[in-house]
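Participant: Protein chains in written order, with my numbering: chain A, 66 to 377; chain B, 70 to 250.
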Amino acid sequence: MKTLSVDHLLGIKYLKEDDLHLIFETADHFKEVINRPIKKVPSLRDVTIANLFFENSTRTKLSFELAEKRLSADILNFSAAQSSVKKGETLIDTVNNILAMKVDMVVMRHPNPGAAEFLSKNVDACIVNAGDGTHEHPTQALLDAYSIREKFGEVAGKRIVIVGDILHSRVALSNIFALNMLGAEVKICGPKSLLPKHIESLGVKVEPDLKKALRWCDAANMLRVQNERMDKSYFPSIREYTQLYGLTLPLLQSLRKEITILHPGPMNRGVEISSEVADSDQAIILDQVENGVAIRMAVIYLLASKLIKPQA
Amino acid sequence: MPPKLLLNAQQIDILLHRLACQLIEHHGDFSNCVLIGLQPRGVYLLDRLVALLQGEYNINALRQGKLDITFFRDDFRRSEKPHAASSNEMNVPIEGKDIVFIDDVLYTGRSIRAALTAIESYGRPKSIELLNLIDRRFSRDLPIQPDYVGRQIDALQNDKVTVEWTATHKEDAVYLLKDSV
Numbered sequence: 066m067k068t069l070s071v072d073h074l075l076g077i078k079y080l081k082e083d084d085l086h087l088i089f090e091t092a093d094h095f096k097e098v099i100n101r102p103i104k105k106v107p108s109l110r111d112v113t114i115a116n117l118f119f120e121n122s123t124r125t126k127l128s129f130e131l132a133e134k135r136l137s138a139d140i141l142n143f144s145a146a147q148s149s150v151k152k153g154e155t156l157i158d159t160v161n162n163i164l165a166m167k168v169d170m171v172v173m174r175h176p177n178p179g180a181a182e183f184l185s186k187n188v189d190a191c192i193v194n195a196g197d198g199t200h201e202h203p204t205q206a207l208l209d210a211y212s213i214r215e216k217f218g219e220v221a222g223k224r225i226v227i228v229g230d231i232l233h234s235r236v237a238l239s240n241i242f243a244l245n246m247l248g249a250e251v252k253i254c255g256p257k258s259l260l261p262k263h264i265e266s267l268g269v270k271v272e273p274d275l276k277k278a279l280r281w282c283d284a285a286n287m288l289r290v291q292n293e294r295m296d297k298s299y300f301p302s303i304r305e306y307t308q309l310y311g312l313t314l315p316l317l318q319s320l321r322k323e324i325t326i327l328h329p330g331p332m333n334r335g336v337e338i339s340s341e342v343a344d345s346d347q348a349i350i351l352d353q354v355e356n357g358v359a360i361r362m363a364v365i366y367l368l369a370s371k372l373i374k375p376q377a
Numbered sequence: 070m071p072p073k074l075l076l077n078a079q080q081i082d083i084l085l086h087r088l089a090c091q092l093i094e095h096h097g098d099f100s101n102c103v104l105i106g107l108q109p110r111g112v113y114l115l116d117r118l119v120a121l122l123q124g125e126y127n128i129n130a131l132r133q134g135k136l137d138i139t140f141f142r143d144d145f146r147r148s149e150k151p152h153a154a155s156s157n158e159m160n161v162p163i164e165g166k167d168i169v170f171i172d173d174v175l176y177t178g179r180s181i182r183a184a185l186t187a188i189e190s191y192g193r194p195k196s197i198e199l200l201n202l203i204d205r206r207f208s209r210d211l212p213i214q215p216d217y218v219g220r221q222i223d224a225l226q227n228d229k230v231t232v233e234w235t236a237t238h239k240e241d242a243v244y245l246l247k248d249s250v
């Protein structure tokens, strides 16, 4: 069997196209596993994984935790709010203390971009990036691309538009890397103040008009406005944002074609996506959540296979 | 050293007929029996036995499945490269059924150990038997023995026994590849 070209999952940009296909093929098998009466395999019963969440998370944390449990790994959960980080401990010290307890793999979410890569260079463990600030969120991009592959059969040649707060979104950046690598055409759409300068250099096109973007695409990934990362006002009002960039049922019906709707969650219903659209048959938002567990099982399984072998 | 032919197509055909008859002897009309081919190579033997049972012996109510054991293997992180998984096709209920695992070669018994665990994900069978075309005797790591055997052979630890089927090769054959070192 092929193996991943990397020893850590720090971001999509460090992966090769073959890695993505290997992860998807492995996830196909795990998706079958999690639909069995007994949804668990014993592969990682001698692997210990620490989930370090220095930033709030609901679905990513639960999804990783479930993926690890389905693989029979032992897990430690850590959130910054209840930890010695508040007492001034450095990241390396925190992680090395956890590794001293014989942990093999670290899944980390951190508010600082580059935190996962920094950690991979300074501690002796396999690192999985579960989101580092506004930088990357590789497993989200993998599950988004996997869901598109599941819906359309393949990602290559598909037209995908990413709508919303691209500037603050690690999901957008990882998605752009993954979709480009897989041969999709990518456009981004959002208020100019929320689009990074020179974004075209990543191989995407900008379409400021939501209706035109939706008419062009096969699938639209609706991102959340990340108020918590905004240090100033980027648009006049939520109401105006919704009017220009919110996806509503009348807008969807006016396209005269059926497009697929993705959302990485958490959704702000009534802001970037209306309830009718979120709950419609065209939305694959809950499929994304199910696929998230299979993708994370695949990533952890493939990385664990590269860990140092147990001694005789 | 060139591979040594252990069984030719005609010999394999005779063995398949005998194995099919032994299955009929034990399971009658197969009303409570499920034949499970172990991925990847056991499914070729399963397909051949099913074709024989249906075509030559008019057993039409056969139930069958294909079980992949990759994630249940005991050598994860111990083999040089991880094993590639195959698909599971377990769309048949196994609760309370008499299962027959079908695999081409029985060697250390570790694959069967993994299969015994893997099958539990789908329910609790009444009983489990094992059918192998080739039994490499005196090479078991675990206390596992087959219930139906095509041919017992003696091979050294590093030798390889390969089974070729017309589905993937020119003709049915079993070869012994001696370790060249």
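Ideal Cβ positions, reconstructed from N, Cα and C, are used throughout, including at glycine.
Quick caveat, the model's predicted, so the values are computed rather than measured.
For chain B, check one thing: does any of its Cβ atoms lie closer than 8 Å to the Cβ of A:Ile103?
Facilitator: A:Ile103 counts as touching chain B.
Participant: Do you know offhand how far A:Val358's Cα is from B:Leu107's?
Facilitator: Computed Cα separation, rounded: 26 Å.
Participant: Per DSSP, which one or two residues make a beta bridge with A:Met173?
Facilitator: In the DSSP output, where bridge partners are listed per residue, A:Met173 has A:Leu117, A:Asn194.
Participant: Using the beta-carbon of each residue, which ones in chain A are nearer than 9 Å to B:Arg132?
Facilitator: None at all; the shortest Cβ gap to chain A is about 17 Å.
Participant: Give the C-beta separation of B:Arg205 and B:Leu175 to the nearest angstrom, bearing in mind that I take them to be a contact with Cβ-Cβ under 8 Å.
Facilitator: Between B:Leu175 and B:Arg205 the Cβ distance is about 6 Å, and since that is below 8 Å, they are a contact.
Participant: Taking B:Asn160 as part of the alpha helix (DSSP H), name the residues at either end of that continuous run.
Facilitator: Careful: B:Asn160 lies outside any alpha helix (DSSP H) and carries neither H nor E.
Participant: Would you decide whether B:Glu212 is buried or exposed? Buried here means 16 or more other CB atoms lie within 10 Å of its CB.
Facilitator: It should be pointed out that residue 212 of chain B corresponds to Pro in this sequence rather than to Glu. Exposed: under 16 other Cβ atoms inside 10 Å.
Participant: Taking A:Thr123 as the reference, give the member of A:Arg174, A:His233, A:Tyr310 with the closest Cα.
Facilitator: The residue with the shortest Cα to Cα distance from A:Thr123 is A:Arg174.
Participant: Flag this pair as touching only if the region 128-145 of chain B and the region 153-162 of chain B have three or more C-beta atom pairs under 8 Å; answer yes or no.
Facilitator: Counting Cβ pairs under 8 Å, three or more are found: they touch.
Participant: Out of B:Phe140, B:Arg209, B:Asp210, B:Tyr244, point me to the one whose CA is closest to B:Ile188's CA.
Facilitator: Minimum Cα distance to B:Ile188 is reached at B:Phe140.
Participant: Is there contact here, the region 339-351 of chain A with the region 75-92 of chain A, by at least three beta-carbon pairs under 8 Å?
Facilitator: Counting Cβ pairs under 8 Å, fewer than three are found: no touch.
Participant: Since B:Lys150 meets chain A, which of its residues come closer than 9 Å, beta carbon to beta carbon?
Facilitator: Near B:Lys150 (Cβ distances below 9 Å), the residues of chain A are Met66, Lys67, Thr68, Ser370.
Participant: Quick one: list the residues of chain B neighbouring A:Lys374, beta-carbon separation under 8 Å, in chain order.
Facilitator: Near A:Lys374 (Cβ distances below 8 Å), the residues of chain B are Arg146, Arg147.
Participant: Tell me which residues of the region 76-105 of chain A have at least one Cβ-Cβ distance to chain B shorter than 9 Å, keeping chain order.
Facilitator: From the region 76-105 of chain A, only Glu90, Thr91, Asp93, His94, Phe95, Glu97, Val98, Arg101, Pro102, Ile103, Lys104, Lys105 have a Cβ closer than 9 Å to chain B.
Participant: Do A:Ile114 and A:Ala138 have their beta-carbon atoms positioned less than 8 Å apart in this structure?
Facilitator: Closer than 8 Å, so yes.
Participant: Does B:Tyr176 come out as helix, strand or coil in the three-state DSSP assignment?
Facilitator: DSSP places B:Tyr176 in coil when its eight states are reduced to three.
Participant: Do you know offhand how far A:Lys186's Cα is from A:Ala285's?
Facilitator: Straight-line Cα distance between these residues: approximately 36 Å.
Participant: Quick check: what's the CA-CA separation for A:Thr204 versus A:Ser339?
Facilitator: Rounded to the nearest angstrom, the two C-alpha atoms are 26 Å apart.
Participant: For A:Asp230, collect the residues of the same chain with a Cβ closer than 6 Å to its Cβ; drop the 5 residues on either side in sequence, then sort them by chain order.
Facilitator: The residues are Leu259, Leu288, Val290, Gln291.
Participant: Cβ of B:Asn101 less than 8 Å from any chain A Cβ?
Facilitator: Not an interface residue.
Participant: Quick one: does the C-beta of A:Glu215 sit closer than 7 Å to a heavy atom of the ligand HEM?
Facilitator: No copy of the ligand HEM occurs in the structure displayed, which carries no ligand at all.
Participant: Does any residue of chain B bring its CB to less than 8 Å from the CB of A:Pro256?
Facilitator: No, A:Pro256 does not count as interfacial toward chain B.
Participant: Look at the Cβ atom of B:Leu75, then the Cβ atom of B:Ile171, and state whether they are nearer than 8 Å.
Facilitator: Against a cut-off of 8 Å, the Cβ pair of B:Ile171 and B:Leu75 comes out as no contact.
Participant: For B:Ala183, does the count of other Cβ atoms within 10 angstroms reach 16, so buried, or fall short, so exposed?
Facilitator: That one is buried.
Participant: Identify each residue in the region 104-121 of chain A for which the Cβ-Cβ distance to at least one residue of chain B is less than 7 Å, and report them in chain order.
Facilitator: Against chain B - using a Cβ distance shorter than 7 Å - the residues of the region 104-121 of chain A are Val106, Pro107, Ser108.
Participant: Classify A:Pro331: buried if its beta carbon has 16 or more other beta carbons within 10 angstroms, exposed otherwise.
Facilitator: By the neighbour-count rule (16 or more Cβ atoms within 10 Å), A:Pro331 is not buried but exposed.
Participant: When DSSP builds the beta bridges, which residues end up paired with A:Thr325?
Facilitator: Note: A:Thr325 sits in a beta bridge opposite A:Ala284.
Participant: Going residue by residue through the region 126-160 of chain B, where are the continuous beta strand (DSSP E) segments of at least 3 residues, counting only ones entirely within it?
Facilitator: Runs of the beta strand (DSSP E) inside the region 126-160 of chain B: 132-136.
Participant: Is there a C-beta anywhere in chain A that falls below 8 Å from the one on B:Gly192?
Facilitator: Yes, its Cβ sits closer than 8 Å to a Cβ of chain A.
Participant: Between A:Met66 and A:Ala369, is the Cβ-Cβ spacing less than 8 Å?
Facilitator: Taking 8 Å as the Cβ cut-off, A:Met66 and A:Ala369 do not qualify as a contacting pair.
Participant: If you scan the region 167-246 of chain B from start to end, which runs of the alpha helix (DSSP H) of 4 or more residues do you find wholly inside it?
Facilitator: Qualifying alpha helix (DSSP H) stretches, in chain order: 179-187.
Participant: At the level of alpha carbons, what is the spacing between B:Ile181 and A:Thr325?
Facilitator: So the two alpha carbons sit approximately 44 Å from each other.
Participant: Does DSSP put A:Val290 in a helix, in a strand, or in coil?
Facilitator: Coil at A:Val290, not helix or strand.
Participant: Determine which residues share a DSSP beta bridge with A:Asp139 and list them.
Facilitator: Paired residues: A:Thr113.
Participant: Where do the ends of the alpha helix (DSSP H) carrying A:Ile253 lie?
Facilitator: Taken as a continuous stretch (DSSP letters only), A:Ile253 belongs to no alpha helix (DSSP H), being part of the beta strand (DSSP E) at 250-254.
Participant: Residues of chain A with CB under 7 Å from B:Asn157, in chain order?
Facilitator: Neighbours of B:Asn157 on chain A, chain order: Glu97.
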